[in-house]
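Just below is one structure, and these are the notes that go with it.
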Amino acid sequence: MKYKVIELSIVTDEEIEKSLNEWSSKGYVFESIHFVVNESSRRPKMAFLFFIDRKEINAIRDNKPNQNL
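Each residue of the sequence shown is one higher than the one before, starting from 982 at the first, in our numbering.
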């Protein structure tokens, strides 16, 4: 399985939503989000969004892994 990873250095709900909508419209399915935090602050300083290509998911469902990925 190949992932698309997006790094956000501005971690706000607006930026996360913008990235989720942008990459979902490009055919990627959201997998997870991971935050990087400072010990001195509870606010995340970075976020990483993980996506999977919808074509690859469909190929796996059809039991035909895409050899080009």
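Glycine included, every Cβ here is placed at the ideal spot set by N, Cα and C.
- Kindly indicate which residue of Val-1018, Pro-1025, Asn-1039, Leu-1030 has the alpha-carbon position closest to the one of Val-986. Your numbering for residue 986 matches position 5 in the sequence shown. Nearest option by C-alpha distance: Leu-1030.
- What three-state label does DSSP hand Glu-1012 in the structure shown? Position 31 of the sequence shown, counted from the start, is the residue given in the question as residue 1012. DSSP places Glu-1012 in strand when its eight states are reduced to three.
- Query: Taking the DSSP output, what are the residues bridged to Leu-989?
  - Reply: To locate residue 989, count along the sequence shown from 1; it is residue 8. Answer is Ala-1028.
- Query: Where does Phe-1032 land, buried or exposed, given buried means 16+ other C-beta within 10 angstroms?
  - Reply: Looking up residue 1032 in the sequence shown gives position 51. By the 10 Å Cβ count, Phe-1032 comes out buried.
- Per DSSP, cross-strand counterpart(s) of Asp-1034: Against the sequence shown, residue 1034 aligns to sequence position 53. According to DSSP, Asp-1034 bridges with Tyr-1009.
- Contacting residues, own chain, Cβ-Cβ under 8 Å from Ser-1000 (five flanking each side not counted): Position 19 of the sequence shown, counted from the first residue, corresponds to residue 1000. Hits under 8 Å: Ile-987, Leu-989, Leu-1030.
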